[in-house]
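A short write-up of the structure that comes next.
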Amino acid sequence: MSAKIYYDADADLSLLKGKKIVFLGFGNQGSAQAQNLRDSGIPNDVILIANQQDSYAEAAKAKGFVVEHDFEKAAEVADVLFLLIPDQVQPRVFNEKFAPKLKPNAVIVIASGYNVFYKLLNFAPTQDLVMVAPRMIGSSVRSLYEKGKGFPCFVSVEQDGTGNGLPIALALSRAIGATKAGAIASSAREETAMDLFAEQALWPNIIMLFREAFSVLKEAGCSDEALCYEMWMSKEPAEIFERAAEDGFIAQLKHHSTVSQYGQLSGALALDGVAARAHFKDILYNQVLNGAFCKKFSLIEADLEKDGQENPLNELYRRTEETELAQAEKRVKARLGGLV
Ligand code: NDP
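So in UniProt numbering, the last spot in the sequence shown is 340, and the numbers never skip.
Next comes the structure, spelled out in structure tokens:
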């Protein structure tokens with residue numbers, strides 16, 4: 001199943017002419033996307049940054065943007081609204097301040113599928129809801145644009161209230177620089193499934209594998225220093241993934257020694273993956289796609305603003321930092337100081 005890919009030639013920037021474009025949030029993505037859009041020729045006087053009065057607002061003003069602190073006023077004038085504040089606060093801010101005041105034909109742009117897939121945003125049926133979701137952190141969205149390069153991005157129309165959702169989504173994608181390298185047709189469901197799967201299935205297993213590998217090798221007499229360097233501080237894993245992106249996931253193996261290639265390929269083929277597949281399916285279907293995680297997360301969301309042990313994230317960090325790997329790394333960093 002191959003996805004459609006949209007390029008600059010598929011997008012018509014003139015569709016944005018005369019439209020007031022509001023960015024809610026000037027953080028990681030907001031600051032990068034607003035600057036890219038302006039540098040693509042969208043006049044500064046049709047761009048408005050909605051942000052409370054603080055350092056983010058000051059950063060926007062320093063870049064020459066007009067800032068509105070009153071969210072309801074920003075909502076009233078928006079033809080296009082980029083929703084670029086953290087996912088967990090979007091429903092409250094959007095539903096309370098923006099939804100009641102937005103124009104009936106406004107275009108709402110999300111950069112992550114989460115709140116739309118789990119139906120947490122109250123937009124009107126006449127409005128367009130489009131996803132333009134860069135697969136990069138904001139600083140890379142900006143630096144690649146400045147270098148004249150594109151960046152990977154997902155695009156979709158989740159609700160086509162005006163009948164013009166796709167052309168507008170593509171025009172906005174082009175304006176932020178996302179169609180230069182090709183924007184991949186996707187959906188809020190696909191984006192959410194892959195994102196949460198990576199966060200809740202793939203990476204937890206990788207963290208667990210490193211944790212257990214560390215303990216086994218330490219038990220066999222390896223030193224903390226040697227292990228930390230061997231396993232990640234040398235940046236070898238980062239290099240492997242960089243090569244995987246450039247040469248290919250399997251082809252990068254050719255850069256390793258023959259002993260290593262033989263060990264990796266034969267070892268991976270010897271693992272049947274049956275238990276892992278069952279575990280992955282369980283997370284995907286019974287935790288991500290059925291909304292169970294979203295429901296559970298909404299119960300602890302408010303506690304994430306708290307300090308100390310009452311914050312469940314702090315508690316998870318505390319427990320994780322007790323593991324042998326984390327303790328050893330702390331000792332090594334303290335001992336090696338400048339070397340690390
Ligand atoms: P940030 O954490 O960088 O957002 C910070 C901005 O949100 C600031 O302007 C901040 O202003 C504002 N903000 C925070 N809390 C509130 C609030 N309660 N009310 C109003 N404004 C608030 O977000 P990101 O840029 O990381 O993420 C934005 C979207 O982009 C998300 O949907 C995310 O999933 C998506 N995305 C993020 C990527 C990333 O690399 N980070 C990659 C791709 C997509 P202030 O504190 O002044 O209120």
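Yeah, the Cβ is synthetic: ideal placement off N, Cα and C, and Gly gets one too.
Here the structure is a predicted model, which means the values were calculated and not measured.
Inter-residue spacing [alpha-carbon to alpha-carbon] between residue i and residue j
i           : j    : result
E324        : S223 : 12 angstroms
Q309        : R319 : 11 angstroms
R211        : E315 : 18 angstroms
N286        : M194 : 14 angstroms
A9          : K330 : 51 angstroms
residue 341 : G163 : Look at the range of the chain in this structure, 1 to 340, and you will see that residue 341 is not part of it.
A292        : G18  : 43 angstroms
G248        : A226 : 29 angstroms
H69         : S14  : 29 angstroms
V332        : K235 : 16 angstroms
S140        : I168 : 24 angstroms
K4          : E322 : 46 angstroms
V116        : P43  : 30 angstroms
S186        : A334 : 45 angstroms
N311        : D303 : 5 angstroms
Classification of residue i by the beta-carbon crowding that lies within 10 angstroms, buried from 16 upward
i    : result
N290 : exposed
M131 : buried
Q90  : buried
S55  : exposed
V259 : exposed
A106 : buried
I206 : exposed
C-beta contact flag for residue i and residue j at 8 angstroms
i           : j    : result
L83         : I110 : yes
I49         : F26  : yes
A253        : L265 : Before going further, note that residue 253 is Leu rather than Ala in the sequence given. Against a cut-off of 8 angstroms, the Cβ pair of L265 and L253 comes out as a contact.
S156        : A178 : no
R142        : A32  : yes
A171        : A11  : yes
residue 363 : L313 : The chain is shown from 1 up to 340; residue 363 falls before or after that span and cannot be answered.
S173        : Y317 : no
V93         : K20  : no
residue 341 : A75  : Only positions 1 to 340 of the chain appear in this structure, which leaves residue 341 out of reach.
M233        : F214 : no
heavy atom of the ligand NDP below 7 angstroms from residue i C-beta
i    : result
D70  : no
S187 : no
N51  : yes
G25  : yes
A75  : no
D54  : yes
V93  : yes
Completely contained alpha helix (DSSP H) runs for the region 218-284, where each covers 4 or more residues: 224-228, 236-247, 258-270 and 274-283
What are the uninterrupted segments assigned as beta strand (DSSP E) that are 3 or more residues long and contained completely in the region 44-117, given in chain order? 47-50, 66-68, 80-83 and 107-110
Segments of 4+ residues assigned as alpha helix (DSSP H) that fall wholly inside the region 140-203: 165-175 and 188-197
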